[in-house]
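>
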Amino acid sequence: MATLQQQHNIETMPPRRGRAPVTGKPAFFNIQQLERFAVKRGFDAVVAQRLWRVVIRALRDGGGESDDEVWERASKYCIDGRQKLPKVAVELASQNFRLFSSKLAHVAESKDTQTTKLVIELRDGHRVESVAMRHKSRTTVCVSSQIGCAMGCQFCATGTMNLIGDLDTCEILEQVALITRHECARSRPAPRNVVFMGMGEPLANYQSVSAAVTHLCDPFHFALRKKGVTVSTVGVAPALKKLTREHPEVRVALSLHAPSQELRARIVPAAKQWPLHELIEALDDHLNSVSRHSGSHDGLMIEYVLLKGVNDRREDADQLIALLRGKPVMLNLIPYNPNVTATLHGFEAPSIESCRAFGKVIIEGGLRVRLREEFGQDINAACGQLALATKDIEDLAPAPPAPAPEPAVASTSVVTDATAPPPPPRKPRAPPPKPPPPQWTALATASLAAAALAASLAAAAAVLR
Ligand code: SF4
Numbered sequence: 020m021a022t023l024q025q026q027h028n029i030e031t032m033p034p035r036r037g038r039a040p041v042t043g044k045p046a047f048f049n050i051q052q053l054e055r056f057a058v059k060r061g062f063d064a065v066v067a068q069r070l071w072r073v074v075i076r077a078l079r080d081g082g083g084e085s086d087d088e089v090w091e092r093a094s095k096y097c098i099d100g101r102q103k104l105p106k107v108a109v110e111l112a113s114q115n116f117r118l119f120s121s122k123l124a125h126v127a128e129s130k131d132t133q134t135t136k137l138v139i140e141l142r143d144g145h146r147v148e149s150v151a152m153r154h155k156s157r158t159t160v161c162v163s164s165q166i167g168c169a170m171g172c173q174f175c176a177t178g179t180m181n182l183i184g185d186l187d188t189c190e191i192l193e194q195v196a197l198i199t200r201h202e203c204a205r206s207r208p209a210p211r212n213v214v215f216m217g218m219g220e221p222l223a224n225y226q227s228v229s230a231a232v233t234h235l236c237d238p239f240h241f242a243l244r245k246k247g248v249t250v251s252t253v254g255v256a257p258a259l260k261k262l263t264r265e266h267p268e269v270r271v272a273l274s275l276h277a278p279s280q281e282l283r284a285r286i287v288p289a290a291k292q293w294p295l296h297e298l299i300e301a302l303d304d305h306l307n308s309v310s311r312h313s314g315s316h317d318g319l320m321i322e323y324v325l326l327k328g329v330n331d332r333r334e335d336a337d338q339l340i341a342l343l344r345g346k347p348v349m350l351n352l353i354p355y356n357p358n359v360t361a362t363l364h365g366f367e368a369p370s371i372e373s374c375r376a377f378g379k380v381i382i383e384g385g386l387r388v389r390l391r392e393e394f395g396q397d398i399n400a401a402c403g404q405l406a407l408a409t410k411d412i413e414d415l416a417p418a419p420p421a422p423a424p425e426p427a428v429a430s431t432s433v434v435t436d437a438t439a440p441p442p443p444p445r446k447p448r449a450p451p452p453k454p455p456p457p458q459w460t461a462l463a464t465a466s467l468a469a470a471a472l473a474a475s476l477a478a479a480a481a482v483l484r
């Protein structure tokens, strides 16, 4: 069967990545190198962390588009003394380090200006995508953790690329820093949330992702709230358990996509390696841990792409209810967006009516559900359509349920807000004495649409050349 590359005549796909070559000056966001440098120059190692702090502050304060402008502004922050950072340390860092080893190769902004997609060229020429999504006064960044993906989910365009390589921690952090510079230089708010939902399976690159999460949440580094960081996974169960142990407060989004092992193994090949029972065990561990650490259960989203006639049948809904009953999760229903995988596997998008009917059954079974009504399919911009774009871009905080007698039509959309307070916990009803009216939040996939505005598959081909 033709791969995405073959279908689009992408003949210049870069070879699989080895260790990314380090040429020229070292990268500033490589903290180990920065610490070694500081010590070598006679400073305390902690100076490296202070350098990060002033540079990140300079980026957030709209330090400017050029590296020199950012260094200059960072240098000014040494003056106030509170940073306990000698000005000469900034000068030395600016002379001996590259602020970024990656660079912006392409920027596309959605018509509604809510979302910006950035194609980022890594130091060895490979490219990944990051997305900035603006919701009111807050910005969420979606980052990539790998180039391509080895998981091969049948409905996902990225999965057809196969894995080219992993990103290192510095490359992940640089995505956040580059977007921060891009946004703040335009007087937009600095990103406050980061979701690992771009290219790749984050937990298949655990070490780099885990270190990046640590730096993002470190109050002396990027200083994001732990709940502001979300890691998605298609179900790498052992790594999910590790993440739960090492980052218990970080949010998780689990891409389930099927209620039984048999069906899951068919559409999500990774399920053969990490079967459903093992995944549910890891999921329970995570929920217990979240409950212990934060006293709430608002940290887990279950992603479920609805494929017509494949996993959207009544029996699938019943199995899903049985599988998740009693678990404090939010089920996010995502209608399939036809992409290259439609031809490869014969998938079709379900009608919105059948999506609503599916959701209604789930709600009546006592689970919390959101239906994402996709926009942007006309530009191949919605979920799963892009080979070089995010697969699953969204904020993860459960939006307050919006009671409605009938499922809302997504003519207007509600942007979920990861910083919004979670809704009060809802007790599962099994079986409900009287079926409640369906409750929906039609998610704004404008973010998705815009997220990938310039990345139709044709554009992806261009990017790869
Ligand atoms: S859905 Fe995610 S894990 Fe699956 S192939 Fe696509 S990028 Fe990889």
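Numbering-wise, the sequence shown is residues 20 to 484 according to the numbering used here. Think of the CB as a built atom: it goes at the ideal place given N, C-alpha and C, for glycine as much as any other residue.
Counting along the chain, where does the alpha helix (DSSP H) carrying Gln-51 start and finish?
That run of the alpha helix (DSSP H) goes 50–59.
> For Leu-486 and Asp-237, what's the separation of their Cα atoms in angstroms?
In this structure the chain extends from 20 to 484, so residue 486 is not present and cannot be described.
> Determine whether the beta carbon atoms of Ala-124 and Thr-135 lie at a separation below 7 Å.
Not closer than 7 Å, so no.
> In or out: Lys-103 buried (at least 16 other Cβ within 10 Å) or exposed?
Answer is exposed; the Cβ neighbour count stays below 16.
> Shortest alpha-carbon distance to Ala-142 belongs to which of Leu-282, Pro-354 and Ser-120?
Contrary to the premise, residue 142 reads as Arg rather than Ala in this sequence. For the residues Leu-282, Pro-354 and Ser-120, the minimum Cα distance to Arg-142 belongs to Ser-120.
> Buried or exposed: where does Lys-59 fall if 16 or more other Cβ atoms within 10 Å of its Cβ makes it buried?
With fewer than 16 Cβ atoms within 10 Å of its Cβ, Lys-59 is classed as exposed.
> Around the Cβ of Gly-345, are there at least 16 other Cβ atoms within 10 angstroms (buried) or fewer (exposed)?
With fewer than 16 Cβ atoms within 10 Å of its Cβ, Gly-345 is classed as exposed.
> If distances are taken between C-alpha atoms only, which option among Arg-207, Glu-202, Ala-196 and Val-255 comes closest to Ala-223?
Of Arg-207, Glu-202, Ala-196 and Val-255, the residue nearest in Cα terms is Val-255.
> What residues match up with Thr-362 in a beta bridge as DSSP calls it?
Beta-bridge pairing links Thr-362 to no other residue.
> Measure the beta-carbon distance from Leu-326 to Ile-353 and round it to whole angstroms, keeping in mind my assumption that it falls under 8 Å.
Going by Cβ atoms, the distance from Leu-326 to Ile-353 rounds to 10 Å, so no, they are not a contact pair.
> Consider the C-beta atom of Met-170 and the heavy atoms of the ligand SF4; say whether any pair is separated by less than 6 Å.
At least one heavy atom of the ligand SF4 is nearer than 6 Å to the Cβ of Met-170, so yes.
> Using a Cβ distance threshold of 8 Å, determine whether the region 155–163 contacts the region 188–207, with at least three qualifying pairs required.
With the cut-off at 8 Å, the region 155–163 and the region 188–207 touch.
> The beta strand (DSSP E) that contains Gly-254, what's its start and end?
Unbroken run through Gly-254: none, as it is neither H nor E.
> Which residues in the same chain as Glu-190 place their Cβ atom closer than 7 Å to its Cβ, once the five residues preceding and following it in sequence are excluded?
Answer for Glu-190: Ser-121 and Leu-141, listed in chain order.
> Alpha carbon to alpha carbon, what distance is there between Ala-284 and Ala-519?
No information on residue 519 is available, as it lies outside the stretch 20 to 484 that the chain covers here.
> Where does Pro-443 sit, in a helix, a strand or coil, going by DSSP?
Residue placement at Pro-443 is poorly supported in this model, since its pLDDT is 41, which falls under 50; the coordinates still yield a value, given next. Residue state, collapsed to three classes: coil.
> In its own chain, which residues sit with a C-beta less than 6 Å from the C-beta of Ala-93, not counting the 5 before and 5 after it?
The residues are Val-73, Val-74, Ala-77 and Val-109.
> Quick check: the Cα distance between Lys-44 and Gln-52, rounded to an integer number of angstroms?
Cα to Cα, the separation comes out at about 11 Å.
> 7 Å is my cut-off, CB to CB: does Gly-43 come that close to chain C?
Among the protein chains of the structure shown there is no chain C, as only one such chain exists.
> Buried or exposed for Glu-193, please, with buried defined as at least 16 other CB atoms from any protein chain shown within 10 angstroms of its CB.
Classification of Glu-193: buried, given that the 10 Å Cβ count is 16 or more.
> If you follow the alpha helix (DSSP H) that Ser-164 is part of, which residue opens it and which one closes it?
Premise fails: Ser-164 is in no alpha helix (DSSP H) and is neither H nor E.
> Helix, strand or coil: which one does DSSP assign to Asp-414?
Confidence is the limiting factor: at Asp-414 the pLDDT is only 33, short of 50, which leaves the residue's position unreliable and the question unanswerable from this model.
> Any heavy atom of the ligand SF4 inside 6 Å of the beta-carbon of Glu-322?
Glu-322 Cβ: outside cutoff for every heavy atom of the ligand SF4.
> Between Arg-153 and the rest of its own chain, which residues show a CB-CB distance below 6 Å, the 5 nearest in sequence each way excluded?
Counting only Cβ-Cβ distances below 6 Å, and skipping sequence neighbours, we find Gln-133.
> Along the chain, where does the alpha helix (DSSP H) that runs through Glu-91 open and close?
Segment 86–95, the alpha helix (DSSP H) holding Glu-91.
> Within the same chain, show all residues whose beta-carbon is closer than 7 Å to that of Ser-149, passing over the 5 residues directly before and after it, in chain order.
Here the set comprises Leu-137, Ile-139, Val-160, Cys-161, Val-162, Ser-163, Gln-194, Ile-198 and Gly-217.
> Identify which residue in Val-213, Glu-220 and Ser-206 has its Cα closest to the Cα of Asp-185.
Asp-185 has its Cα closest to that of Glu-220, out of Val-213, Glu-220 and Ser-206.
> If you reduce the DSSP assignment to three classes, tell me which class Met-180 lands in.
It is helical.
> CA-CA distance, Ser-229 and Phe-62?
Using only the alpha carbons, I get a separation of about 28 Å.
> How about Glu-322 and Ser-274: do their beta carbons lie closer than 7 Å?
Cβ distance < 7 Å, so Glu-322 and Ser-274 count as in contact.
> If we count the other Cβ atoms within 10 Å of its Cβ and call it buried at 16 or more, is Val-107 buried or exposed?
Exposed, since its Cβ has fewer than 16 Cβ neighbours within 10 Å.
> Confirm, please, whether the CB-CB distance from His-276 to Val-287 is below 7 Å.
Going by C-beta atoms, Val-287 is nearer than 7 Å to His-276.
> Thinking just about the alpha-carbon of each residue, which of Leu-350, Glu-91, Ala-361 and Asn-356 is nearest to the one in Lys-379?
That would be Leu-350, whose Cα lies nearest to the Cα of Lys-379.
> For Asn-212, write down the residues that DSSP places opposite it in a beta bridge.
Partner(s): Thr-159.
> Check whether the Cβ atoms of Pro-257 and Gln-280 sit closer than 7 Å, and answer yes or no.
No, the pair does not count as a contact, with Cβ atoms beyond the cut-off.
> Per DSSP, which residues does Glu-367 bridge with? Please list them.
In the DSSP output, where bridge partners are listed per residue, Glu-367 has none listed.
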